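Participant:
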Amino acid sequence: MTTDQAAVRIRLDLAYDGTDFTGWARQPGLRTVQGVLEDALVTLFARSGEPPRVTVAGRTDVGVHAIGQVAHLDLAPAQLAQLDRRPRGRGAGAAGADSLARRLNGIVGQAADVQVLAAREAPPGFDARFSAVWRRYEYRIADAGALRDPRARAYTLWHPSDLDVAAMDAAAGGLLGLHDFAAYCRPREGATTIRTLQEFSWERAADGVLVARVRADAFCHSMVRALVGACVAAGEGRLSSERAAGIRDERRRTSEFIVMPARGLTLVEVGYPPDDELAARAERTRARRTSPDGLTHPDPVD
Numbered sequence: 000m001t002t003d004q005a006a007v008r009i010r011l012d013l014a015y016d017g018t019d020f021t022g023w024a025r026q027p028g029l030r031t032v033q034g035v036l037e038d039a040l041v042t043l044f045a046r047s048g049e050p051p052r053v054t055v056a057g058r059t060d061v062g063v064h065a066i067g068q069v070a071h072l073d074l075a076p077a078q079l080a081q082l083d084r085r086p087r088g089r090g091a092g093a094a095g096a097d098s099l100a101r102r103l104n105g106i107v108g109q110a111a112d113v114q115v116l117a118a119r120e121a122p123p124g125f126d127a128r129f130s131a132v133w134r135r136y137e138y139r140i141a142d143a144g145a146l147r148d149p150r151a152r153a154y155t156l157w158h159p160s161d162l163d164v165a166a167m168d169a170a171a172g173g174l175l176g177l178h179d180f181a182a183y184c185r186p187r188e189g190a191t192t193i194r195t196l197q198e199f200s201w202e203r204a205a206d207g208v209l210v211a212r213v214r215a216d217a218f219c220h221s222m223v224r225a226l227v228g229a230c231v232a233a234g235e236g237r238l239s240s241e242r243a244a245g246i247r248d249e250r251r252r253t254s255e256f257i258v259m260p261a262r263g264l265t266l267v268e269v270g271y272p273p274d275d276e277l278a279a280r281a282e283r284t285r286a287r288r289t290s291p292d293g294l295t296h297p298d299p300v301d
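Numbering (numbering that gives the first Met the number 0), first residue to last: 0 to 301.
See the structure below:
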């Protein structure tokens, strides 16, 4: 839907199990998270004009999960008014934007693999994609010494051998900062690989599962799973901790590690600035910036 002054922007907080989705973005003939949500919006607003499109903070790849995804959509006055009308047989309850989460979940099903956790009117200047200042992911690995809980197999990678968590954490720490991560990204024409990796660490949880926490201003395609792959190679003793940064600085793809499967990866949180800085952040993100090598690159957004 075309945004105008009368439209009201709504923030959605989302969670989904990525196992049976072909990623976030709508694709013809394939089941995707965006497709399921937008089909539900078509059903909900069938009599209220053009159905809204959903813009997401970060487009997750095939099989990647989320518990803290953020998106937005713009509702026309007639669509917002429709949300104020109580469904037949229901008493008092949430109205307007507050009722959107309940109605969408009712359409996709309460036991569905995607759920709208919350829906509310967004503050002025909010853009789920361009206003974000960071995205945080976790990757879970159950190595030979960890508890392998079958209930967690959809979001935990099972690794056949023991891994050295100290070596993995050292490799991760050496990758931090503003760099060109071309060696850790699947190339896309016209897309930058300049990123600021703000946090990357490994620890062994109480059940023995290895958990990586990764945060950056944005991630390019397959970047987190490639970073995890380099750390796993370090944990196996096949790659020195220092070599992970060396590969990054060479800025070219390598066969020294493998990109890890999507199963263990979950988007857990998206960070935004204070409300009065949202619009300015979105404008800066759309602008171009200069990388450490003196070349100008578009600001990353995915």
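Backbone N, C-alpha and C define an ideal beta-carbon position, used for all residues, glycine too.
The model shown is predicted, which means the values in this text are computed figures rather than measured ones.
Using C-beta distances below 6 angstroms, list every residue in its chain close to GLY17, excluding the 5 sequence neighbours before and after it, in chain order.
Facilitator: Position 18 of the sequence shown holds residue 17. Correct list, in chain order: GLY62, VAL63 and HIS64.
Participant: So the candidates are ALA39, LEU146 and GLY270; which of them puts its Cα closest to the Cα of ARG214?
Facilitator: In the sequence shown, residue 214 corresponds to position 215, counting from 1. The shortest C-alpha separation from ARG214 is found at GLY270.
Participant: Taking the alpha helix (DSSP H) that ALA229 falls in, what are its first and last residues?
Facilitator: Here residue 229 refers to the residue found at position 230 of the sequence shown. Per DSSP, ALA229 belongs to the alpha helix (DSSP H) from 222–234.
Participant: Run through DSSP, which three-state label would SER47 get?
Facilitator: To locate residue 47, count along the sequence shown from 1; it is residue 48. Three-state DSSP puts SER47 in coil, outside helix and strand.
Participant: Helix, strand or coil, according to DSSP, for LEU177 in the structure here?
Facilitator: Here residue 177 is taken as the residue at index 178 of the sequence shown, counted from 1. Of the three classes helix, strand and coil, the one that applies to LEU177 here is strand, per DSSP.
Participant: Quick one: give me the first and last residue of the alpha helix (DSSP H) that GLU202 is part of.
Facilitator: What you label residue 202 is simply residue 203 of the sequence shown in a count that begins at 1. Note, GLU202: premise wrong, no alpha helix (DSSP H); beta strand (DSSP E) at 193–203.
Participant: For THR42 and ARG101, what's the separation of their Cα atoms in angstroms?
Facilitator: Reading the sequence shown from its first residue, position 43 is the one you call residue 42. Reading the sequence shown from its first residue, position 102 is the one you call residue 101. Using only the alpha carbons, I get a separation of about 14 angstroms.
Participant: Can you tell me whether DSSP reads THR265 as helix, strand or coil?
Facilitator: Here residue 265 corresponds to residue number 266 of the sequence shown, with the count starting at 1. Strand.
Participant: What alpha helix (DSSP H) runs, 4 residues minimum, are completely inside the stretch 29–76?
Facilitator: Entirely contained in the stretch 29–76, the alpha helix (DSSP H) runs reaching 4 residues are, in chain order, 32–43.
Participant: Does the separation of the CB atoms of GLY234 and ARG139 fall below 8 angstroms?
Facilitator: The residue labelled residue 234 in the question sits at position 235 within the sequence shown. The residue labelled residue 139 in the question sits at position 140 within the sequence shown. The answer is no: Cβ separation not under 8 angstroms.
Participant: CA-CA distance, ARG247 and LEU175?
Facilitator: Taking the sequence shown and counting its residues from 1, the one referred to as residue 247 is at position 248. Taking the sequence shown and counting its residues from 1, the one referred to as residue 175 is at position 176. Roughly 11 angstroms between the two C-alpha positions.
Participant: Based on the DSSP output, what are the partners of ALA140 in its beta bridges?
Facilitator: Numbered from its first residue, the sequence shown carries residue 140 at position 141. In the sequence as displayed, the identity of residue 140 is Ile instead of Ala. According to DSSP, which records beta bridges pairwise, ILE140 is partnered with LEU156 and LEU209.
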